[in-house]
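Taken in order, these protein sequences are the chains called A and B. Each residue of the first sequence is one higher than the last, beginning at 893 in the numbering used here. Each residue of the second sequence is one higher than the last, beginning at 289 in the numbering used here. Remarks on the structure that follows.
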Amino acid sequence: MSSGEKYLAAAYTIIFLTVLVYVAIIAAKLARLERETAELAALAQARRHEHG
Amino acid sequence: MAPEDADQGLAQKIFYFHVPIALTAYACFGWGAYKALLLLWRKEERYDLESYVAVHQGTIFGALTLATGSIWAKASWGHWWLWSENQLVLFLVLFLFYSAYFMLRFSIEEGPRRANISAVYALFGIVLVPVSFLAIRLAENVIHPTVFTLDGPQMTGTMFFTFCVAWIAVTALAYALYRVELLGKRLDSNLRELREALTT
Numbered sequence: 893m894s895s896g897e898k899y900l901a902a903a904y905t906i907i908f909l910t911v912l913v914y915v916a917i918i919a920a921k922l923a924r925l926e927r928e929t930a931e932l933a934a935l936a937q938a939r940r941h942e943h944g
Numbered sequence: 289m290a291p292e293d294a295d296q297g298l299a300q301k302i303f304y305f306h307v308p309i310a311l312t313a314y315a316c317f318g319w320g321a322y323k324a325l326l327l328l329w330r331k332e333e334r335y336d337l338e339s340y341v342a343v344h345q346g347t348i349f350g351a352l353t354l355a356t357g358s359i360w361a362k363a364s365w366g367h368w369w370l371w372s373e374n375q376l377v378l379f380l381v382l383f384l385f386y387s388a389y390f391m392l393r394f395s396i397e398e399g400p401r402r403a404n405i406s407a408v409y410a411l412f413g414i415v416l417v418p419v420s421f422l423a424i425r426l427a428e429n430v431i432h433p434t435v436f437t438l439d440g441p442q443m444t445g446t447m448f449f450t451f452c453v454a455w456i457a458v459t460a461l462a463y464a465l466y467r468v469e470l471l472g473k474r475l476d477s478n479l480r481e482l483r484e485a486l487t488t
């Protein structure tokens, strides 16, 4: 592998890893929001049963 | 397919994403400042989040610009960084300025005061964008290449076409990430309000 190829591969890797980490963070956050939505839906349903 | 550069070889191909990423970072900061202006003008809360997400995207793309630029500099000039280069230093200043935006924002309690101060800061930073962009054209002794001049792009047709495709791809990626992050933040905010309403 020439030095030019190494630098090119390094630059591509940095971009790829940054986007990957970003997407993983967003995915984790969306999973948390999904769990919270389910919790709130359950809470709202429990409230409805309490009142009627 | 874009030909290999006779002078720099394969390392020149870093140009195809380094420059689009830098331009996207400028665009994100510009978009953040525009949303900040709308917030100050119309006093609508949603612009605060939109401005924040745009600045966040700009900072990520700014970090990538510095990283890929540094690798390209090492491959082409033999140095990771040159403090004598106005373009490099001004972009670093722009990046650090917007990095400090987060320190300012998260040091103030959530509410209209934080939104207004963040908006004013984001607006001030936009002045650095044209300065950073024009620095390379105004400087006399520079190593950093000027590819886009008043005479048009200084490259072959296939190289320019490849650059345009890469630019569209990076812009589309930035837009997609912006929408997804904004959606997540709005959802988070709405769920917090809903939780407060249900638990009180």
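By construction, the Cβ of each residue, glycine as well, lies at the ideal position given by its N, Cα and C atoms.
Check, Outcome
"Taking residue 420/B as the reference, give the member of 484/B, 336/B, 296/B and 311/B with the closest Cα.", "311/B"
"Pick helix, strand or coil for residue 394/B, following the three-state DSSP scheme.", "coil"
"Expressed to the nearest angstrom, what Euclidean distance is found between the alpha-carbon atoms of residue 359/B and residue 907/A?", "12 Å"
"Residue 333/B touches chain A at which residues, Cβ-Cβ below 9 Å?", "What residue 333/B touches in chain A: nothing, since even the nearest Cβ is about 20 Å away."
"Any C-beta of chain A sitting closer than 9 Å to the C-beta of residue 302/B?", "yes"
"Less than 6 Å between C-beta atoms, sequence neighbours within five positions excluded: which residues of the same chain meet that for residue 476/B?", "none"
"Determine the contact status of residue 903/A and residue 306/B, defining contact as a CB-CB distance below 9 Å.", "yes"
"Where does residue 318/B sit, in a helix, a strand or coil, going by DSSP?", "helix"
"Does any residue of chain B have a CB that is nearer than 9 Å to the CB of residue 912/A?", "no"
"State yes or no: is the C-beta of residue 462/B within less than 9 Å of the C-beta of residue 315/B?", "yes"
"Please list, in chain order, the residues of the region 912–936 of chain A that have any C-beta partner in chain B closer than 9 Å.", "914, 915, 918, 921, 922, 924, 925, 928, 929, 931, 932, 935 and 936"
"Which one of 318/B, 413/B and 395/B has the shortest CA to CA distance from residue 338/B?", "318/B"
"Within 9 Å of any Cβ in chain B, is that where the Cβ of residue 942/A sits?", "no"
"From what residue to what residue does the alpha helix (DSSP H) around residue 443/B run?", "Run containing residue 443/B: none; DSSP gives neither H nor E here."
"How long is the line joining the alpha carbons of residue 935/A and residue 486/B, rounded to whole angstroms?", "8 Å"
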